[in-house]
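For the sequence shown, position 135 matches number 156 in the numbering used here, and the numbering has no gaps at all. Here a beta-carbon is modelled for each residue, glycine too, at the ideal position from N, C-alpha and C. Reviewing the structure listed below.
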Amino acid sequence: MAYVGNPIDVIKKLYTDKQWDEIVLFCQNMLKADPKDMIALQNIAMASLNLGRLDQAISFCDKVLEINEFDEYATKNKILALEKLGKFDSVIEMCNKMLTQSPFNPWILNTKGLAYNEMQKHDSAIQYYDMALRIEPDNVTALLNKANTLLFLGKFADAIPLFDKAQQREKSSFAANAKSQAYQKLGKEDEAFLAAQGVLVSDIERYVEDAQEKKMKIFDYYCMIEYELMEKAKNQPKTEFKVELE
Numbered sequence: 022m023a024y025v026g027n028p029i030d031v032i033k034k035l036y037t038d039k040q041w042d043e044i045v046l047f048c049q050n051m052l053k054a055d056p057k058d059m060i061a062l063q064n065i066a067m068a069s070l071n072l073g074r075l076d077q078a079i080s081f082c083d084k085v086l087e088i089n090e091f092d093e094y095a096t097k098n099k100i101l102a103l104e105k106l107g108k109f110d111s112v113i114e115m116c117n118k119m120l121t122q123s124p125f126n127p128w129i130l131n132t133k134g135l136a137y138n139e140m141q142k143h144d145s146a147i148q149y150y151d152m153a154l155r156i157e158p159d160n161v162t163a164l165l166n167k168a169n170t171l172l173f174l175g176k177f178a179d180a181i182p183l184f185d186k187a188q189q190r191e192k193s194s195f196a197a198n199a200k201s202q203a204y205q206k207l208g209k210e211d212e213a214f215l216a217a218q219g220v221l222v223s224d225i226e227r228y229v230e231d232a233q234e235k236k237m238k239i240f241d242y243y244c245m246i247e248y249e250l251m252e253k254a255k256n257q258p259k260t261e262f263k264v265e266l267e
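Next up, the structure:
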C-alpha cells in the first residue's frame with residue numbers, strides 16, 4: 022500500500038494500529054532513498070522487535086549506533102532484543118558502554134541488575150539496584166527488583182520494607198501479594214493476611230497489636246475496622262456545591 026504524507030505522521034498512524042509489517046515496508050522504501058535515514062532505521066528496528074524478528078531488530082539498531090553510538094532509543098531496543106535472546110553478557114556490555122556517558126541513569130542500572138539476576142549473580146544485581154536507589158530513593162522499579170531478589174534469596178524480612186515502600190509510591194497488587202508471601206515464609210500468618218489486603222507495614226503492626234489486645238482473630242478485627250470506616254464514610258455529610266450567579 023502506498024502512503025502519502027509526512028513520514029512521521031504515517032508511522033505514528035501505523036504504530037497506533039500496530040501494523041508492524043506495514044511499518045517495515047514503509048521504512049524499507051524510505052531507506053532506498055536514504056540508507057542512513059534515522060527515522061526509518063529507528064522505526065524499522067522497533068517494528069522488527071514487535072514482530073519478534075530479533076536479529077533483524079539488532080541489525081538495524083546497530084546501523085543507528087554506527088551513526089550515533091550513544092543513541093538511547095536504539096540502545097534500549099537492542100537491549101530488549103538481546104534480553105529476549107537470552108544474551109545477558111551482551112546486555113551488560115551495552116549497559117557498561119552507556120554508563121560511561123550516563124553513570125546516573127536508573128534505567129541502565131536496573132537493566133544491568135536484571136541481567137545479573139538472569140545470570141544467577143544476585144549479589145551483583147543488588148549492588149546495581151542499590152546504585153539506582155541512591156540516585157532515586159523512590160524508584161519503584163529498583164525497589165521491586167531488589168525486593169524480588171531478596172525474596173528469591175530467602176531474605177524475607179529484608180524484602181518486606183522494600184515491597185512496602187514500592188506499594189506506598191505506586192499502588193500495586195503485585196507488591197502487596199509479594200509482601201504477603203514474605204510474611205508467610207516468616208510464619209507470620211496474621212501479617213500475611215493483612216498484607217494481602219493491601220495494608221501497609223505501619224498499619225499491619227498496629228492492627229496485630231490491637232487485635233491481640235482485644236483478643237480477636239485478625240480476620241474479625243480487620244472486618245470490624247473496615248465496617249467502621251464504611252459507616253463513618255456513609256455518615257459524613259455530603260458537601261454541597263453552590264454556583265453563585267452574578
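Query, Result
"Meets three-Cβ-pair contact criterion under 8 Å: the region 150-164 and the region 173-180", "no"
"Length of the line joining the Cα atoms of L250 and T170", "36 Å"
"Identity of the residue in E191, L215 and N131 nearest Q202 by Cα", "L215"
"Cα-Cα separation, K206 to Q189", "22 Å"
"Extent of the continuous alpha helix (DSSP H) run through G134", "P127 to E139"
"Straight-line Cα distance separating N27 from E43", "15 Å"
"Contained alpha helix (DSSP H) runs [length at least 4] in the region 128-202, N- to C-terminal order", "143-156, 161-173 and 177-190"
"Where V220 sits in the DSSP three-state scheme", "coil"
"V45 and S69 closer than 8 Å at C-beta", "yes"
"Close Cβ partners of F91 (< 6 Å) along its chain, the five nearest in sequence each way excluded", "Q122"
"Best match in N71, D55 and K209 for proximity to D38 [C-alpha to C-alpha]", "N71"
"Cα-Cα separation, P56 to M67", "17 Å"
"Residues of its chain near P182, where Cβ-Cβ distance is below 7 Å and the 5 sequence neighbours each way are ignored", "V222"
"Residue interval of the alpha helix (DSSP H) (run including K33)", "P28 to T37"
"Exposure of P124, with buried meaning 16 or more beta-carbon neighbours within 10 Å", "exposed"
"Exposure of E247, with buried meaning 16 or more beta-carbon neighbours within 10 Å", "exposed"
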